[in-house]
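Q: Chains as they are written, first to last, in the UniProt record's numbering: chain A, 1 to 214; chain B, 1 to 214; chain C, 1 to 214; chain D, 1 to 214.
Quick reminder that beta carbons are idealized off the backbone N, C-alpha and C, glycines included.
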DNA sequence: GATGAATGAGTGTTCATTCAT
DNA sequence: TATGAATGAACACTCATTCAT
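1. Please decide whether residue 187(D) counts as near chain C, where near means a Cβ-Cβ distance under 7 Å.
2. Which residues, in chain order, does the region 150-182 of chain A contribute to contact with chain B at a C-beta distance below 8 Å?
3. Three or more beta-carbon pairs under 8 Å between the region 145-157 of chain D and the region 166-176 of chain D, yes or no?
4. What residues in the UniProt domain "HTH tetR-type" (23-83) of chain B have a beta carbon less than 8 Å from any beta carbon of chain A?
5. Taking the alpha carbon of residue 64(A) as the point to measure from, which residue in 152(A), 35(A), 85(A) and 17(A) has its own alpha carbon closest?
6. Can you list the residues of chain A that residue 119(B) reaches, using a CB-CB cut of under 7 Å?
7. Do you know how far the Cα of residue 55(A) is from the Cα of residue 20(A)?
8. Taking the straight line between their C-alpha atoms, what separation do you get for residue 154(C) and residue 99(D)?
9. Check the Cβ-Cβ distances between residue 200(A) and every residue of chain B, and say whether any is below 7 Å.
10. Which residues bound the alpha helix (DSSP H) around residue 189(C)?
11. Would you please state the rounded distance, in angstroms, between the beta carbons of residue 79(C) and residue 116(C)? I believe it to be under 8 Å.
12. May I have the straight-line CA-CA distance separating residue 192(D) from residue 103(C), to the nearest angstrom?
13. Spell out a yes or no on whether the region 41-50 of chain B and the region 127-136 of chain B are touching, meaning 3 or more CB-CB pairs, one atom from each, closer than 8 Å.
14. Helix, strand or coil, according to DSSP, for residue 46(B) in the structure here?
15. Restricting to Cα atoms, I'd like to know which of 36(A), 207(A) and 95(A) is closest to residue 71(A).
16. Within 7 Å of any Cβ in chain A, is that where the Cβ of residue 104(B) sits?
17. Between residue 186(B) and residue 119(B), what straight-line distance do the alpha-carbon atoms span, to the nearest angstrom?
18. Contact defined as beta carbons within less than 8 Å: I believe residue 30(C) pairs with residue 75(C). What is the distance between those atoms, to the nearest angstrom?
19. Secondary structure at residue 14(B), three-state DSSP: helix, strand or coil?
20. How about residue 208(B) and residue 165(B): do their beta carbons lie closer than 7 Å?
21. Enumerate in chain order the residues of its own chain whose CB-to-CB distance from residue 57(B) is below 8 Å, with the five nearest sequence positions on each side excluded.
22. Looking at the C-beta of residue 203(A), does it have a partner C-beta in chain B at a distance below 7 Å?
23. Between which residues of its own chain and residue 196(C) is the CB-CB distance below 8 Å, once the five residues before and five after are set aside?
24. Measure the CB-CB distance between residue 206(B) and residue 206(A) and report whether it falls below 7 Å.
25. Within its chain, find whatever has a CB closer than 7 Å to the CB of residue 53(A); leave out the 5 residues flanking it on each side and keep chain order.
26. From residue 69(C) to residue 121(C), what does the alpha carbon distance come to, in whole angstroms?
27. Could you check which residue in 135(B), 26(B), 96(B) and 203(B) has the C-alpha nearest to that of residue 174(B)?
28. Who are the neighbours of residue 148(D) on chain C, taking C-beta pairs under 9 Å?
29. For the alpha helix (DSSP H) containing residue 106(A), name the first residue and the last one.
30. In whole angstroms, give me the CA-to-CA distance for residue 123(B) and residue 12(A).
31. Hey, residue 142(D) and residue 73(D) are a contact pair by Cβ (cut 8 Å); roughly how many whole angstroms apart?
32. Report the CB separation of residue 254(B) from residue 66(B) in whole angstroms; it is logged as a contact under 8 Å.
33. In terms of residues, what are the limits of the alpha helix (DSSP H) holding residue 171(B)?
34. In terms of residues, what are the limits of the alpha helix (DSSP H) holding residue 148(A)?
35. Using a Cβ cut-off of 7 Å, pull out every chain C residue sitting near residue 107(D), in sequence order please.
36. Out of 137(A), 190(A), 188(A) and 198(A), which has the shortest C-alpha to C-alpha gap to residue 189(B)?
Rendered as structure tokens:
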């Protein structure tokens, strides 16, 4: 445009690719973005570097994403969903509530260690970006909901303190596990992962007044 | 940039000011930096804005600090020292154990909300800076130590589960409180502060198997 | 900044330079901006080229101007004021109203030809930029006001049709002259400048019912 | 870019469509281009948005047009031709001369407001494109010619000042009306359309020394 | 010591145009 | 002929740091 002033109101929002080729390119960009975020942190996460890592030209980035933040949100959602799915407790522990708690905590810690340098980075951004903050709250809600449901079932089975509010309890105990992951993997407090899992689980069980199955 | 630590020392490192005036200027810069970090977070923490808030000219910033990170480390050190100092007079002495837990949790949450937004920011944002990471671990250690000692006394008095490792327990339950502060104040999950304090305390007490005083 | 998201609310607005050196630099940027606009039009008017033409580095541009538009507005104001000053009718025609009209029209046409490729360019931008549009209206108002006052004096002296609304008349006849400048210099309709001046003046005089001085 | 005319002809210039379908597509693009120019001005006039508005895919644009400028020229030519066509049936024939002037001015102002925002945009914005400049001069000539003929008839009938050069007068008074349209519709000077029509007509009549019909 | 001007590499984004299918 | 993905130079702007006075 010859004239620099005046913004167009109608910036065409990138839509989902319709051809297989487009899908491949978009996937490559998402993968490259995630990879860079995990290996190089914020400094590596620029549209230019992402495009280059995906093997496409700079402009192509904006064929699929409205902005850098758009890609970030996409990556975060993907990582969060993966993590949530991974941390689902294997059904073979169905009978033993304590074993389930241990498995859940171990699973969470491992999922965090493996997949979520992304989430750690993002927590920082959330301080100044509202969309990101809400996205993190959404992700948290998944865990909170699952934890609350688990507790409710235990209460109904007479295996846990019926006086505890399920949601609040899930939030607080979830926070415990989340921060431990942060302490171990980000701050690198020198602790044995398995020892932490056991201890957390013991405290968790005691906190909810878990009784051995009748 | 925080990641760019460990430069080769080719430029004159600013030395401590020798005149009273110099000291005042430096103090003003540190205070302004802390203030900005607490009130505006990372986006407000630029040399230019710090200098302006301190009422000195832009260039003066570099008379006293090698870099932006240099000031950041200085501010963090100051906040950490303050927390050390405060912790010495902790009213940890006597009375009803449960009430003490409630008071400690309430106090911790409030300290976190007010004075140490700085630490929260740094904890989530400075993951590549080793100096800061270690400083954070030191501050944590302070609280862990105090928590562990408290638990040990309870155990010795026969008021808490003697099977728990005091240090590990303090770490895990401390993490719970710390993360709840993050959830409430940074992510702004809509929760009543006092309700959280009560719930956390109840879970904490149950977790350590707290018994009412004989 | 490591984090890309979140805009700072406090962008320091560039203030007027306080030292002589600063004033020189700022003046050089304004001059270069005007020069480029006049010689190369919009395509040459980029912060980078302006800075280069002024012999300073890129970043310096933003030491003195909030944005490209900021400089543009500055240049427009300057050109407009210059033009308005230039087109003031020499006082030696005080006695003869018709001679004054001729002089004013000739002056306007010349001022436009010399100084205001800038204004022509800007008229285009005004279509999509509100600030610019208002700036142009302000400039117009200067001329309109002067024209209206002139007519009022003639009416009071009984030398012009007293039934004409001075302001509206000034607007309409001013539009006539302005567009003729555009037609001659921008569209390059092949017309003799002096012939146009004479004809415009004759029509202008007839339109306001100018009577020879008693 | 408009300034980039006269490329070396190394790529296949799009030829006129041969199938009916091709013609429909091309027409849709032209119509969409015109529509966007009229409703959104320059910012809306991008190949992408034009294609989208025409309901065809992006790439198709370049099946029919060599460039964005190619479409612009096509649209301008179309608008110009329309104006030529309309001018042929101008109701210029008889009646009260003053009423005719009023009607002509009102009509011109309205035409300008509606159909030829395109021309207004181009007149102020396309100063480096020779093709367009000449096209604009041609359109102007049409109106000038008509105006001059009208004046000549009035002079022959003894109803207007016989000392005026018809062509020059038509140019100057035409400029007056044209610029008023610009002032009202582009710069949005707050004036009543009908009041402007009346005033312009009064000044016009006085300027040519119009005498009431014998 | 203090000032404020100067620096310039880096960032996110746009968009007219080309290309493979 | 039609599609939509791909291209990349260009642009406006930021900001930690350095420098001349």
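A: In short:
1. As a first step, residue 187(D) is located in the fourth chain; it is residue number 187 there, counting from the start. Cβ-Cβ to chain C under 7 Å: yes for residue 187(D).
2. Of all residues in the region 150-182 of chain A, only 161, 164, 165, 168, 169, 171, 172, 173, 175, 176, 178, 179, 180 and 182 place a beta-carbon less than 8 Å from a beta-carbon of chain B.
3. Here the region 145-157 of chain D makes contact with the region 166-176 of chain D; the two share three or more CB pairs at distances below 8 Å.
4. The UniProt domain "HTH tetR-type" (23-83) of chain B vs chain A, Cβ under 8 Å: 41, 42 and 43.
5. Mapped onto the first chain, residue 64(A) falls at position 64. Relative to residue 64(A), the option among 152(A), 35(A), 85(A) and 17(A) whose CA is nearest is 17(A).
6. In the second chain, the residue the question calls residue 119(B) occupies position 119. Those within 7 Å of residue 119(B) in chain A number zero; the least Cβ separation is about 12 Å.
7. In the first chain, counting from the first residue as 1, residue 20(A) sits at position 20. In the first chain, counting from the first residue as 1, residue 55(A) sits at position 55. Spanning the two alpha carbons is a distance of roughly 17 Å.
8. Along the third chain, one-based indexing puts residue 154(C) at 154. Along the fourth chain, one-based indexing puts residue 99(D) at 99. Linking residue 154(C) to residue 99(D) through their CA atoms gives a straight-line distance of about 28 Å.
9. Your numbering for residue 200(A) matches position 200 in the first chain. It does: the Cβ of residue 200(A) has a partner Cβ on chain B nearer than 7 Å.
10. Residue numbering aside, residue 189(C) sits at position 189 when the third chain is read from its first letter. According to the DSSP assignment, residue 189(C) belongs to no alpha helix (DSSP H), since it is labelled neither H nor E.
11. The residue labelled residue 79(C) in the question sits at position 79 within the third chain. The residue labelled residue 116(C) in the question sits at position 116 within the third chain. Going by Cβ atoms, the distance from residue 79(C) to residue 116(C) rounds to 6 Å, so yes, they are a contact pair.
12. Reading the fourth chain from its first residue, position 192 is the one you call residue 192(D). Reading the third chain from its first residue, position 103 is the one you call residue 103(C). Distance between the alpha carbons of residue 192(D) and residue 103(C) is about 31 Å.
13. As far as the Cβ criterion goes, the region 41-50 of chain B does not touch the region 127-136 of chain B, which means the pair count is below three.
14. Mapped onto the second chain, residue 46(B) falls at position 46. Three-state DSSP puts residue 46(B) in coil, outside helix and strand.
15. Along the first chain, one-based indexing puts residue 71(A) at 71. Relative to the Cα of residue 71(A), the nearest Cα in the group 36(A), 207(A) and 95(A) belongs to 36(A).
16. Working through the second chain from its first residue, we reach residue 104(B) at position 104. Closer than 7 Å: no.
17. By one-based count along the second chain, residue 186(B) stands at place 186. By one-based count along the second chain, residue 119(B) stands at place 119. So the two alpha carbons sit approximately 12 Å from each other.
18. Here residue 30(C) is taken as the residue at index 30 of the third chain, counted from 1. Here residue 75(C) is taken as the residue at index 75 of the third chain, counted from 1. The pair is a contact, with the Cβ atoms about 6 Å apart (cut-off 8 Å).
19. Walking along the second chain from the start, residue 14(B) turns up at place 14. DSSP places residue 14(B) in coil when its eight states are reduced to three.
20. The residue given as residue 208(B) occupies position 208 in the second chain. The residue given as residue 165(B) occupies position 165 in the second chain. Cβ distance not < 7 Å, so residue 208(B) and residue 165(B) don't count as in contact.
21. Counting from 1 along the second chain, the entry for residue 57(B) is found at position 57. So the list reads 51, once near-sequence residues are dropped.
22. Taking the first chain and counting its residues from 1, the one referred to as residue 203(A) is at position 203. Under the Cβ criterion of 7 Å, residue 203(A) is counted among the residues facing chain B.
23. Your numbering for residue 196(C) matches position 196 in the third chain. Once the five neighbours on either side are set aside, the close Cβ partners of residue 196(C) are 109, 180 and 184.
24. Translated into positions along the second chain, residue 206(B) becomes position 206. Translated into positions along the first chain, residue 206(A) becomes position 206. Cβ atoms of residue 206(B) and residue 206(A): closer than 7 Å.
25. Sequence index remark: in the first chain, residue 53(A) carries index 53 (1-based). For residue 53(A), where only same-chain residues beyond five positions count, the Cβ hits under 7 Å are 32, 35 and 36.
26. Translated into the one-based positions of the third chain, residue 69(C) becomes position 69. Translated into the one-based positions of the third chain, residue 121(C) becomes position 121. C-alpha separation (whole angstroms): 13 Å.
27. To locate residue 174(B), count along the second chain from 1; it is residue 174. The shortest C-alpha separation from residue 174(B) is found at 203(B).
28. By 1-based counting over the fourth chain, the position of residue 148(D) is 148. Within 9 Å Cβ-Cβ: nothing; residue 148(D) doesn't reach chain C, min ~13 Å.
29. To locate residue 106(A), count along the first chain from 1; it is residue 106. For residue 106(A), the enclosing alpha helix (DSSP H) starts and ends at 97-115.
30. In the second chain, residue 123(B) corresponds to position 123, counting from 1. In the first chain, residue 12(A) corresponds to position 12, counting from 1. Rounded to the nearest whole angstrom, the CA to CA distance from residue 123(B) to residue 12(A) is 38 Å.
31. Locating residue 142(D) in the fourth chain gives position 142, counting from the first residue. Locating residue 73(D) in the fourth chain gives position 73, counting from the first residue. About 18 Å; that fails the 8 Å criterion.
32. Nothing about residue 254(B) can be reported from this structure: the residues present for chain B run from 1 to 214 only.
33. The residue labelled residue 171(B) in the question sits at position 171 within the second chain. Residue 171(B) -> alpha helix (DSSP H) spans 166-181.
34. Counted from its first residue, the first chain places residue 148(A) at position 148. Start and end: 130-156.
35. Reading the fourth chain from its first residue, position 107 is the one you call residue 107(D). Listed by position along chain C, the residues whose Cβ is nearer than 7 Å to that of residue 107(D) form an empty set, because the closest Cβ is around 17 Å away.
36. Numbered from its first residue, the second chain carries residue 189(B) at position 189. When only C-alpha atoms are compared, the closest one is 137(A).
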